[in-house]
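Here the sequence shown stands for residues 36 to 203, numbered as in my numbering.
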Amino acid sequence: MNLEIRKLGDLLLRERSREVEEIDVEIKGLIDAMGETLHSSPGRVGLAAAQVGVLKRLFVYDVGHGVRGVVNPSIIDSEGEKECEEGCLSVPGVFVSLPRYERIKMRCETPSGHNIVIEAQGFLAQVFQHECDHLDGLLIIDRCDEEERRRALEEYQDLELQREQSSA
Ligand code: NI
């Protein structure tokens, strides 16, 4: 079952998600459904619960080794900076240049309830930072400079008009 993905302009995307208190069947079911939704979104690597309308601190990702679920993540260490090109399922069709840390340590729970610390660098570190941002209501257009933000918003509005007209 594919969940509906919220798009830019949906105020729910701007809210802070709440901690998951217990990883029960409902949360596990949500993680599975999010994994399926991610897989039917070609080229995409991550999806946060807020993007499917659930304000809980969890996300799924797949960088080529299968879907993994991450619950209650927090980035506890970071170093190095690099400029990245980034897209988002909630801002479809638009890519933004923004700074990310090169290496991070992220503490989280696995879907089976284990507390772990993951060390990530490069692309994986970028994915984790992007998904953690969603849990705090932040989008790619909040991480870039003003000029890039204006360009991205214009491009997005233009694409939305195109999508609207081709579906009419
Ligand atoms: Ni995103």
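Ideal placement from N, C-alpha and C gives every residue a C-beta, glycine not left out.
Looking at the structure shown, is D171 part of a helix, part of a strand, or coil, going by DSSP? Under the three-state reduction of DSSP output, D171 falls in the coil class, being neither helix nor strand.
Tell me whether L93, by its Cβ, gets closer than 8 angstroms to a heavy atom of the ligand NI. Incorrect: L93 has no Cβ contact closer than 8 angstroms to the ligand NI.
May I have a chain-ordered list of the beta strand (DSSP E) segments no shorter than 3 residues that lie completely inside the segment 47-121? Counting whole runs of 3 or more residues, the segment 47-121 contains the beta strand (DSSP E) stretches 81-83, 93-96 and 103-121.
Among the candidates P127, K63 and L133, whose CA atom is the shortest distance from the CA of Q192? That would be P127, whose Cα lies nearest to the Cα of Q192.
Could you give the residue range of the beta strand (DSSP E) that holds R135? R135 -> beta strand (DSSP E) spans V131 to E144.
Do Q207 and the ligand NI come close, with the Cβ less than 8 angstroms from some heavy atom? Residue 207 cannot be examined here, being either before or after the span of the chain that is shown, 36 to 203.
Own chain, CB closer than 8 angstroms to A50, minus 5 neighbours either side, in chain order: Note on residue identity: the sequence assigns Glu, not Ala, to residue 50. The beta carbon of E50 sits closer than 8 angstroms to those of A85, L90 and G172, all from its chain and outside the five residues before and after it, given in chain order.
Own chain partners of D112 with C-beta closer than 6 angstroms, once the 5 adjacent residues on each side are dropped: Shown here for D112: same chain residues with a beta carbon closer than 6 angstroms to its own, the five before and five after excluded, namely K140 in chain order.
Assign F158 to buried or exposed, taking buried as 16 or more other Cβ atoms, counted over all protein chains shown, within 10 Å of its Cβ. By the neighbour-count rule (16 or more Cβ atoms within 10 Å), F158 is not buried but exposed.
Indicate, with yes or no, if the ligand FMN has a heavy atom lying under 8 angstroms from the CB of S52. Looking for the ligand FMN in the displayed structure turns up nothing; the ligands present are the ligand NI.
With which residues is N150 paired in a DSSP beta bridge? Paired residues: E144.
Need the endpoints of the alpha helix (DSSP H) that D193 sits in, please. Counted as a single uninterrupted DSSP element, the alpha helix (DSSP H) harbouring D193 occupies residues E181 to S202.
Would you mind working out which of G148, E120 and S201 sits nearest K63, comparing C-alpha positions? For the set G148, E120 and S201, the Cα lying nearest the Cα of K63 is the one of G148.
Relative to the C-alpha of G115, which candidate in Q156, V95 and P108 has its C-alpha closest? The residue with the shortest Cα to Cα distance from G115 is Q156.
How long is the line joining the alpha carbons of E121 and E199, rounded to whole angstroms? The C-alpha of E121 lies about 24 angstroms from the C-alpha of E199.
Give a single yes or no on whether H74 has its beta carbon closer than 8 angstroms to a heavy atom of the ligand NI. Outside the cutoff, so no.
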